[in-house]
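Chemist:
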Amino acid sequence: MPVDIEYGISYQIILNHPIDYYSELLPICIKCRIMIELEEFKQSHLLKKEKIYKLTLFPMKEFDEQLYKHQLFKDYFHSCVDFFEDYMEEDKYKLVRDYTYYVKNNNNLPPPMNKEEYLQLWNKFIHMNDNESFSKNFSIVYRDFKIQRIIHNEEKMNEIKSLEQELLNLVTLTEKQKEIIDIVLEELKGNVNWHGLRLDHN
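Okay, so the sequence shown: first residue is 9 according to our numbering, each after it adds one.
#1: For the candidate residues SER147, GLU47 and PRO120, whose alpha-carbon lies nearest to that of HIS25?
#2: Classify PHE81: buried if its beta carbon has 16 or more other beta carbons within 10 angstroms, exposed otherwise.
#3: By alpha-carbon positions, which one of PHE92, TYR61 and MET43 ends up nearest to GLU70?
#4: Report the three-state DSSP secondary structure of ASN131 (helix, strand or coil).
#5: Are the C-beta atoms of GLU183 and some chain D residue less than 8 Å apart?
#6: Within this structure, are the beta carbons of ASP106 and ILE188 separated by less than 8 Å?
#7: So LEU34 is in the alpha helix (DSSP H); what residue range does that whole segment cover?
#8: Based on the DSSP output, what are the partners of ARG157 in its beta bridges?
#9: For GLU14, which residues from the same chain have a beta carbon less than 8 Å from its beta carbon, with the 5 sequence-adjacent residues on both sides left out?
#10: Going by C-alpha distance, which of ASN201, PHE49 and ILE17 is nearest ASN113?
#11: State the Cα-Cα distance for the pair ASN137 and GLU97, rounded to the nearest angstrom.
#12: For HIS135, tell me which candidate among TYR95, LYS186 and GLY204 has the shortest Cα-Cα distance.
#13: Counting C-beta neighbours from all protein chains within 10 Å, is the total for TYR110 16 or more, i.e. buried, or is it exposed?
#14: Just the C-alpha distance for GLU93 and TYR101, rounded to the nearest angstrom, thanks.
#15: Taking Cβ to Cβ, would you say ARG206 is nearer than 8 Å to GLN74?
#16: For the putative contact between LEU103 and ILE168, defined by C-beta atoms under 8 Å, what is the C-beta separation to the nearest angstrom?
#17: Is the beta carbon of ILE60 less than 8 Å from the beta carbon of GLU195?
#18: Kindly indicate the opening and closing residues of the beta strand (DSSP E) around ASP208.
Shown next, in the form of structure tokens:
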């Protein structure tokens, strides 16, 4: 198993609104006898830079032993840590990574482009990637391209979601972990936007 894990699976909860660590979260940690990580951040890839409030119940290290027994996850890992990306050919594992980061749980997705619109965006992205990658507009084009190359084709997006689910299915929660999840969800009742296993990176 790799010493420095860069990609894995964690169990996360996305909150509807902020939570106070000392008065609200710490009592839950004490009750469950685990440390729950709280993150508050703005996701720059969203069309609107809304704040995200995230709890990590079980970090990646909880599941690494399960994951690295499987060739499927090893293939995903090796693809993701390879920073070179040939945009002329699509890597299914990098698409899953981008789906998790740019599309999943994104409530501000643009409408899918048609084929002609997407081709124009693709050409613009390739041109800027080769010639203008340091321009201030490139980050916007880069984000739009990453999102649209997934959502513009419904069949492709379903394939990506299916592969993501295959990867998530490599992890099996213990009965103790399920009990902890139930307790935390009960304590946070009314403040849970989404929860579940999620492909993650550090």
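Heads up, the beta-carbon is just placed ideally off N, CA and C, and yes, glycines get one too.
Note that this is a predicted model, so its numbers are computed, not measured.
Modeler: Quick answer:
#1: As a first step, residue 25 must be located in the sequence shown, where it is residue number 17. Comparing Cα-Cα distances from HIS25 to each of SER147, GLU47 and PRO120, the minimum goes to GLU47.
#2: Locating residue 81 in the sequence shown gives position 73, where the first residue counts as 1. So PHE81 ends up on the buried side.
#3: The residue you call residue 70 lines up with position 62 of the sequence shown. Closest option to GLU70, Cα to Cα, is MET43.
#4: Taking the first residue of the sequence shown as position 1, residue 131 is located at position 123. Three-state result, ASN131: helix.
#5: As a matter of chain content, chain D is missing from the structure shown, which is built from one protein chain.
#6: Stepping through the sequence shown from its first residue, residue 106 is reached at position 98. Stepping through the sequence shown from its first residue, residue 188 is reached at position 180. No; because the gap between Cβ atoms is not below 8 Å, this pair is not in contact.
#7: To locate residue 34, count along the sequence shown from 1; it is residue 26. 34-40 is the extent of the alpha helix (DSSP H) around LEU34.
#8: Residue 157 sits at position 149 when you count from the first residue of the sequence shown. In the DSSP output, where bridge partners are listed per residue, ARG157 has none listed.
#9: Stepping through the sequence shown from its first residue, residue 14 is reached at position 6. Taken in chain order, the residues that qualify are PHE85, CYS88, VAL89, HIS209 and ASN210.
#10: As a working mapping, residue 113 is identified with position 105 in the sequence shown. Answer by Cα proximity: ASN201.
#11: Reading the sequence shown from its first residue, position 129 is the one you call residue 137. Reading the sequence shown from its first residue, position 89 is the one you call residue 97. When rounded, the distance between both Cα atoms is 15 Å.
#12: Working through the sequence shown from its first residue, we reach residue 135 at position 127. Per the Cα distances, TYR95.
#13: In the sequence shown, residue 110 corresponds to position 102, counting from 1. Per the 10 Å Cβ criterion, buried.
#14: Position 85 of the sequence shown, counted from the first residue, corresponds to residue 93. Position 93 of the sequence shown, counted from the first residue, corresponds to residue 101. Each residue's Cα considered, the two are about 11 Å apart.
#15: Within the sequence shown, the letter at position 198 stands for residue 206. Within the sequence shown, the letter at position 66 stands for residue 74. No.
#16: For the purposes of this step, residue 103 is identified with residue 95 of the sequence shown, where counting begins at 1. For the purposes of this step, residue 168 is identified with residue 160 of the sequence shown, where counting begins at 1. Right, the Cβ-Cβ distance comes to about 5 Å (below 8 Å), so this counts as a contact.
#17: Here residue 60 refers to the residue found at position 52 of the sequence shown. Here residue 195 refers to the residue found at position 187 of the sequence shown. No, they are not a contact pair.
#18: To locate residue 208, count along the sequence shown from 1; it is residue 200. Segment 200-209, the beta strand (DSSP E) holding ASP208.
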